[in-house]
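Residue numbers (the working numbering): 288 to 1135.
Beta carbons: idealized from backbone N, C-alpha and C, even for Gly.
What you are looking at is a predicted structure, and each value in this text was computed from that prediction instead of being measured.
Report on one structure; see the data block that follows.
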């Protein structure tokens, strides 16, 4: 192999990079495109192919002479078809013409065949116009424009290693070049297709190296340095900076290999970032992945490659099938233990435990570098260094309290993420979302970002806004009627989040909702999800009746092939309410799985990935004990039902699981008084549906209809379900029949009445009154003097203010439902608009 350094002229035109290699005639190498790393690889491949066809004498001219530079000289030369005006780029290349004589060869970077020679650099400006007239006199006008530089072009050296033809290869017996390397694909093609060359990325400054953490960087440099680096596993929780440490080591490895001196990536150790899943992708036949792994191993050996494995914890099982139990760990264990191949991997403690269980031989061959979470003081220092870099990259400034806000709230809201990663990630995300050129990112922007990511409202994150417990409880009471104990428990959960008093190593709260069916258990869980996290989509609901089989645990946490239905959803959205509906129907093994969840606030799935429940509220519902008797009648019966439910719950749950439940919230049977409120609520939902809104139809249901619903529909054994079914059948059916055959109308009212147990509906179309002819009321005011108009306008505005702020209008707004509320609001807006109209006309009159 021979080292080459070739000069490449780089210019940008029409949004693309154009690279031209300064190589001898008749050879040429020109490429265009975007992205410097890709262009660099393409140019090196092109030059290698050219060198395979060159003679040894020509190969010497490929080397960039020392002292070669790109100069730009101002010229203004008139030619036949135009003129050359501006900065003319010129490559000045020193060449030895005799033992003690050196001359300068000058040429345009894209016209290497046209050159002239000078002895001193001072001669170039005088000879340049002559050179231009002689070489480009008959050139087209568009070509003349391309000759001028925009001042952003440059001459860059590219170093690489190649195996060109030698004198020995040119012998008659060797005329045919049968060497594998002459025509075959480069031997590292497998790694180039499947992996990311982190060494190349860091050499070209594509990624940031972050801030140094001692002594972990020095430990990595010690283990992975030298000619025979050891295999290392960097172990630590997410957010401790494992990836950053490995990238810093890659930069140290480049320095150790002398890259700053020769700038030849073919002479350094390359670190390829790869995953086992990517290697095995597309494999369908026995032995295919072994063949691919063998190619990877050969490539790494030849090019002194080090493999950075992202999913090493899976290699104990990856590759196994029904036909063979051989895994990736079995294949690579020997080369790793002999030192023929070096691996570096990042993993958590749980992932390391899985590797030790599945592939103890490979795990023993790894040297461990434990990276703990940074302390608050260390995180502050690292965060300040990161902020300086972010301010430079985003051209913005950070308020001094941004780092403090990100550090404190990041640790509180993301307890499963370790420092410093959690705080740095928040600052980067805020700068990306809210930072602008020369703008200041404030702590308020951090609060907005955290509210968007977590779903928590700013009032629950910030301490600047007071939170009224009575108002919170009233919000839940409007959703769940007749369950004061349950709404108080929900309020306590919100206040715990607001005060920041939740245990960071457990779920926010573990609650068990007990009681008869259809008493509001699921509704309250949905209300908590909407109040805390901003929407019902944050409710992770699992019907435990579907998990009564032996596969319950595998379905919850996965089986190594498919993801777990619980762990995957919580890992994707950790800020949520987990609802385990009808927990008594779950398989006993699923209940044992909940012990870890309730105690440690996390679950490890079959792939070794940890799902944290530290920011989730876990709610279980149960109907235990509510079906042992028929709670007909009220009073002491309600207390008896609650007592039977509590007894059944204690007998069902194992004592170790029951003791980990924070709150057992009883839902009592509904009473007739509560049933009336349930009827009002469900009826409001029914009468606010789209079919009525789109038809501008307002439905009025009298007291007799609501009492009939309570009398006929309410059954305390089934809660609100029978009420909802009765309303759907009796009232929903009547309205459907009425509206289906009713003539169209712009506005109408439907009145519901109780006719001896039957619900009757009457339709009253409302016709718009025709305008009465007559003069415009305000027409005469235009001719009235200003002094006379002012008192009249003032009285009219005051009258309108009294109407818009009157208790009657406010009461109508409160009692209105559905579209009626919309029209009351519209009435208020129109009154305000009329008041503004009076004010505008008065101002116009006064101006005249």
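Inset, instruction - Starting from residue 330, trace the alpha helix (DSSP H) both ways and give me its first and last residue. - result: Its alpha helix (DSSP H) spans residues 323–338.
Legend entry - Alpha-carbon spacing of residue 670 relative to residue 361, whole angstroms: The straight-line gap separating the alpha-carbon atoms of residue 670 and residue 361 is approximately 48 Å.
Legend entry - residue 580, enclosing alpha helix (DSSP H) - first and last residue: Run containing residue 580: 575–589, per the alpha helix (DSSP H) assignment.
Inset, instruction - Give the C-beta separation of residue 606 and residue 646 to the nearest angstrom, bearing in mind that I take them to be a contact with Cβ-Cβ under 8 Å. - result: So it is not a contact: roughly 11 Å between Cβ atoms.
Inset, instruction - Go through its chain and collect everything with a Cβ distance to residue 964's Cβ below 6 Å, but skip five positions before and after it. - result: Hits under 6 Å: 768.
Inset, instruction - Please check the pair residue 831 and residue 873, which I expect to be a contact at CB under 8 Å, by giving their CB distance rounded to whole angstroms. - result: At roughly 4 Å, the Cβ-Cβ gap stays under 8 Å, so residue 831 and residue 873 are in contact.
Inset, instruction - Report all residues from its chain with a CB closer than 7 Å to the CB of residue 350; omit the five preceding and five following residues, and keep chain order. - result: Excluding sequence neighbours, residue 350 sits near 291 and 292.
Inset, instruction - Would you list, in sequence order, the uninterrupted alpha helix (DSSP H) runs of no fewer than 4 residues that lie entirely inside the stretch 773–844? - result: For the stretch 773–844, whole alpha helix (DSSP H) runs of length 4 or above, ordered along the chain, are 808–820 and 839–844.
Legend entry - Meets three-Cβ-pair contact criterion under 8 Å: the stretch 698–717 and the stretch 519–536: Taking 8 Å as the limit for Cβ pairs, the verdict is that the stretch 519–536 does touch the stretch 698–717.
Inset, instruction - Pull up the distance between the alpha-carbon of residue 962 and that of residue 1022, whole angstroms please. - result: So the two alpha carbons sit approximately 22 Å from each other.
Legend entry - Cβ shell of residue 229 (< 6 Å), same chain only, five flanking positions each side left out: For the chain, the structure presents residues 288 to 1135; residue 229 sits outside this window and is missing.
Inset, instruction - On the DSSP bridge assignment, give the partners of residue 667 in chain order. - result: None; residue 667 has no bridge partner.
Legend entry - Candidates 636, 308 and 894: closest to residue 848 by CA position: When the alpha-carbon of residue 848 is set against those of 636, 308 and 894, the nearest one is in 894.
Legend entry - residue 493 versus residue 762: straight-line alpha-carbon distance, rounded: One C-alpha to the other measures close to 51 Å.
Inset, instruction - Count the other CB atoms, across all protein chains shown, that sit within 10 Å of the CB of residue 383; report buried if there are 16 or more and exposed otherwise. - result: Taking all protein chains in view, the Cβ of residue 383 is surrounded by fewer than 16 other Cβ atoms within 10 Å, so the residue is classified as exposed.
Inset, instruction - Give the single residue among 911, 431 and 324 whose Cα lies nearest to the Cα of residue 375. - result: Per the C-alpha coordinates, the member of 911, 431 and 324 positioned closest to residue 375 is 431.
Inset, instruction - Find out if the Cβ-Cβ distance for the pair residue 656, residue 827 is shorter than 7 Å. - result: In this structure, residue 656 keeps its C-beta atom at 7 Å or more from the C-beta atom of residue 827.
Legend entry - chain B contact for residue 1080 (CB, 7 Å cutoff): The structure shown contains no chain B; it is built from a single protein chain.
Inset, instruction - For residue 770, count neighbouring Cβ atoms within 10 angstroms of its own Cβ and tell me buried if that reaches 16, exposed if not. - result: Residue burial is scored here from C-beta neighbours: residue 770 has at least 16 other C-beta atoms within 10 angstroms and is therefore classed as buried.
Legend entry - C-alpha distance - residue 815 paired with residue 736, whole-angstrom precision: About 21 Å.
Legend entry - the stretch 535–546 contacting the stretch 476–490, beta-carbon criterion three pairs below 8 Å: The way I'd put it, the stretch 535–546 does touch the stretch 476–490; three or more beta-carbon pairs between them come closer than 8 Å.
Legend entry - Secondary structure, alpha helix (DSSP H): runs of 4+ residues fully inside the stretch 918–995: Listed in chain order, they are 923–939, 942–945, 959–974 and 977–981.
Inset, instruction - Return helix, strand or coil for residue 364, following the three-state DSSP convention. - result: Residue 364 falls in the strand class under three-state DSSP.
Inset, instruction - Report the residue from 324, 371 and 577 whose alpha carbon sits nearest the alpha carbon of residue 433. - result: Sorting 324, 371 and 577 by C-alpha distance to the C-alpha of residue 433 places 371 at the top.
Inset, instruction - With DSSP collapsed to three states, give me the class of residue 301. - result: Looking at residue 301 - three-state DSSP - the assignment turns out to be coil, as it is neither helix nor strand.
Inset, instruction - Figure out for me which residue from 1091, 1034, 1049 and 436 has the closest Cα to the Cα of residue 1040. - result: Selected option, being the one with the closest Cα: 1049.
Inset, instruction - Compare the C-alpha of residue 236 against each of 427, 359, 386 and 612 and name the closest. - result: With the chain covering only 288 through 1135, there is no way to say anything about residue 236.
Inset, instruction - Could you name the residues that DSSP lists as bridge partners for residue 320? - result: Residue pairing of residue 320 in beta bridges, as defined by DSSP: 304.
Inset, instruction - Under the assumption that residue 357 contacts residue 378 (Cβ atoms under 8 Å), give the Cβ distance between them as a whole number of angstroms. - result: Going by Cβ atoms, the distance from residue 357 to residue 378 rounds to 6 Å, so yes, they are a contact pair.
Legend entry - Residue range of the alpha helix (DSSP H) that includes residue 763: Going by DSSP, residue 763 is part of the alpha helix (DSSP H) stretching over 756–766.
Inset, instruction - Return the CA-CA distance between residue 296 and residue 326, expressed in angstroms with no decimal places. - result: The alpha-carbon atoms of residue 296 and residue 326 are separated by roughly 12 Å.
Legend entry - Host beta strand (DSSP E) of residue 905 (start-end): Counting along the chain, the unbroken beta strand (DSSP E) around residue 905 starts and ends at 904–909.
Inset, instruction - Tell me where the alpha helix (DSSP H) around residue 615 begins and ends. - result: 615–625 is the extent of the alpha helix (DSSP H) around residue 615.
Inset, instruction - Within the same chain, show all residues whose beta-carbon is closer than 6 Å to that of residue 897, passing over the 5 residues directly before and after it, in chain order. - result: The beta carbon of residue 897 sits closer than 6 Å to the beta carbons of 637, 889 and 891 from its chain, once the five residues preceding and following it are set aside; these are given in chain order.
Inset, instruction - Report whether the distance from the Cβ of residue 1082 to the nearest heavy atom of the ligand FAD is below 6 Å. - result: This structure simply doesn't include the ligand FAD, nor any ligand for that matter.
Legend entry - Backbone secondary structure at residue 372 - three-state DSSP: Strand.
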